[in-house]
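Numbering (numbering that gives the first Met the number 0), first residue to last: 0 to 162. Heads up, the beta-carbon is just placed ideally off N, CA and C, and yes, glycines get one too. Below is one structure, written out as structure tokens, with a few remarks after it.
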Amino acid sequence: MPFPPNLSLESLKNLTSNGANELSGLHMRCFQGNEVWSPQEFLDVSSDPVRWGVYAEIEEEGPIGVAVMLDTGDDSELLTIAVHPAYRAIGIGRYLLQFVEETAIGRGRSRILLDVAADNPDAIGLYTSEGYGRSGSRKAYYDRGDGLKIDAIQMTKPITEVR
Ligand SMILES: CC(C)(COP(=O)(O)OP(=O)(O)OC[C@H]1O[C@@H](n2cnc3c(N)ncnc32)[C@H](O)[C@@H]1OP(=O)(O)O)[C@@H](O)C(=O)NCCC(=O)NCCS
């Protein structure tokens, strides 16, 4: 399926202090419990030299996809990636992931790390198909409320030769 005709992925925007409320609104549509980021968390990224991110937006909807990274030594950690439910399964998540990998290489990183909830087959499918391998797990890492705790799977990918 093609991208929405009014979405140009070549024009992804860098996360800045603008749009924190809208990005938090997008996050609320995509996550539950302690995984939802507040506007302040998006604002904090924009003023932190070791965190960076990009988002895609279309005029009538606002932001429809976002990815945020944290540089730590030789690694870059994917802190969050999310696509608006109405725009999923058309390649936006994969594009965002490939974009941040290439940007991380440009920033001198050699590996991407990430955590993913064990009950999230869509995201695990994306990461596996992009060459990420399982490197560990964290018990009861995500809190979905009402006492429901979900394990995190840790995944990594060397990015010196992404593709
Ligand atoms: C995970 C997420 C970012 C994927 O974004 P997306 O734009 O829908 O993904 P894409 O269209 O680029 O699909 C890429 C791959 O992801 C996997 N995938 C995506 N949607 C899927 C689905 N409904 N069922 C199974 N696999 C799926 C597939 O491997 C797919 O590749 P394919 O189309 O070649 O089969 C999106 O589902 C999302 O925002 N989920 C909620 C937030 C979240 O869980 N983020 C990840 C936290 S670790």
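Using a threshold of 6 Å, is the CB atom of residue i nearer than that to any non-hydrogen atom of ligand 1?
i           : result
residue 111 : no
residue 108 : no
residue 65  : no
residue 28  : no
residue 80  : yes
residue 105 : no
residue 115 : yes
residue 137 : no
Taking buried to mean at least 16 other C-beta atoms within 10 Å of its own C-beta, is residue i buried or exposed?
i           : result
residue 154 : buried
residue 137 : exposed
residue 48  : exposed
residue 79  : buried
residue 62  : buried
residue 108 : buried
residue 85  : exposed
residue 0   : The predicted position of residue 0 is uncertain, since its pLDDT is 43 and thus under 50; a value taken from the coordinates is nonetheless stated next. By the 10 Å Cβ count, residue 0 comes out exposed.
residue 72  : exposed
residue 32  : exposed
residue 165 : Look at the range of the chain in this structure, 0 to 162, and you will see that residue 165 is not part of it.
residue 92  : buried
Considering only the alpha carbon of each residue, which of the options lies closest to residue i?
i           : options               : result
residue 152 : 123, 84 and 144       : 123
residue 82  : 105, 70, 57 and 103   : 57
residue 157 : 68, 75 and 15         : 75
residue 118 : 50, 149 and 89        : 149
residue 121 : 29, 17 and 16         : 29
residue 44  : 33, 55, 68 and 104    : 68
residue 101 : 17, 52 and 36         : 52
residue 130 : 11, 97 and 24         : 97
residue 46  : 13, 147 and 60        : 13
residue 38  : 26, 6 and 20          : 20
residue 135 : 145, 143, 142 and 113 : 113
residue 128 : 60, 55 and 94         : 94
Among all the DSSP beta bridges, which residues are the ones paired with residue i?
i           : result
residue 64  : 55 and 82
residue 69  : 50 and 76
residue 114 : 153
residue 119 : Note: residue 119 sits in no beta bridge, so no partner.
residue 13  : 53
residue 138 : Paired residue(s): none; residue 138 is not in a bridge.
residue 133 : 154
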